[in-house]
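Asks: One structure is given below, represented as structure tokens, and several questions about it will come after.
Numbering (UniProt numbering), first residue to last: 1 to 186.
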């Protein structure tokens with residue numbers, strides 16, 4: 001197994017400062033340093049380790065999924081379906097690929113930095129008899145597929161700007177609700 005590679009993700013916590021630092025294509029969004037193979041002096045290594053320790057809440061592991069082609073990880077399906085759009089945003093989160101039981105990949109985003117600064121909604125859940133009383137005389141009804149509810153609910157433009165991810169072909173924003181946001185329904 002390969003040693004873990006660390007990448008900084010300061011964009012999620014400090015979007016204005018981080019946006020000013022971007023000068024090159026997508027690969028510069030997540031600078032990668034592999035300490036196990038780096039040719040640095042002992043002093044530089046200690047400085048890097050101190051830096052990683054100080055900013056450990058903003059640094060995450062990138063795990064290599066061996067044998068996965070980049071073409072399988074791309075966003076073509078979501079882009080074609082209109083679930084994401086290609087647009088630059090300073091709010092970029094780590095992309096994590098999780099292998100499902102059937103061998104396919106699930107693309108997840110690590111929204112923990114955004115969830116930490118999000119103010120939670122506080123309101124009681126409605127009672128079922130109140131809901132039925134409100135819809136009793138309506139002509140049209142709609143329902144959601146609860147198995148994939150997270151890609152069915154449209155996000156506001158302000159929320160879309162905060163749901164970014166960088167892939168090898170560009171920066172994308174979610175147009176529909178992705179899994180993992182704090183005030184999304186469970």
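Ideal Cβ positions, reconstructed from N, Cα and C, are used throughout, including at glycine.
Fair warning: this is a prediction, and the values are worked out from it, not measured in the lab.
Pick out whichever of 43, 183, 39 and 41 has its Cα sitting closest to the Cα of residue 115.
Replies: With distances taken between Cα atoms, residue 115 lies closest to 183.
Asks: So for residue 140, helix, strand or coil by DSSP?
Replies: Coil.
Asks: With 16 as the cutoff for other CB atoms within 10 Å, does residue 29 come out buried or exposed?
Replies: With a pLDDT of only 42 at residue 29, under the threshold of 50, the placement of this residue in the model should not be trusted, and no figure is reported.
Asks: Just to confirm before moving on: does the CB-CB distance between residue 89 and residue 164 stay below 8 Å?
Replies: Yes; because the gap between Cβ atoms is below 8 Å, this pair is in contact.
Asks: Answer yes or no: do residue 97 and residue 105 have a C-beta to C-beta separation smaller than 8 Å?
Replies: The answer is yes: Cβ separation under 8 Å.
Asks: Excluding the 5 residues preceding and the 5 following residue 12 in the sequence, name in chain order all residues of the same chain whose CB lies nearer than 6 Å to its CB.
Replies: Confidence in residue 12 is poor, its pLDDT being 41 and thus under 50, which makes the residue's placement unreliable; the coordinate value appears in the next sentence. Excluding residues within five positions, the ones whose Cβ falls inside 6 Å are 93 and 113.
Asks: Consult DSSP for residue 149 and reduce its assignment to one of helix, strand or coil.
Replies: Residue 149: helix per DSSP, three-state reduction.
Asks: Using DSSP's beta-bridge definition, name the partner residues of residue 173.
Replies: Per DSSP, 85 and 164.
Asks: Within 10 Å of its beta-carbon, does residue 178 have 16 or more other beta-carbons around it, so buried, or fewer, so exposed?
Replies: When all chains shown are included, residue 178 counts as buried.
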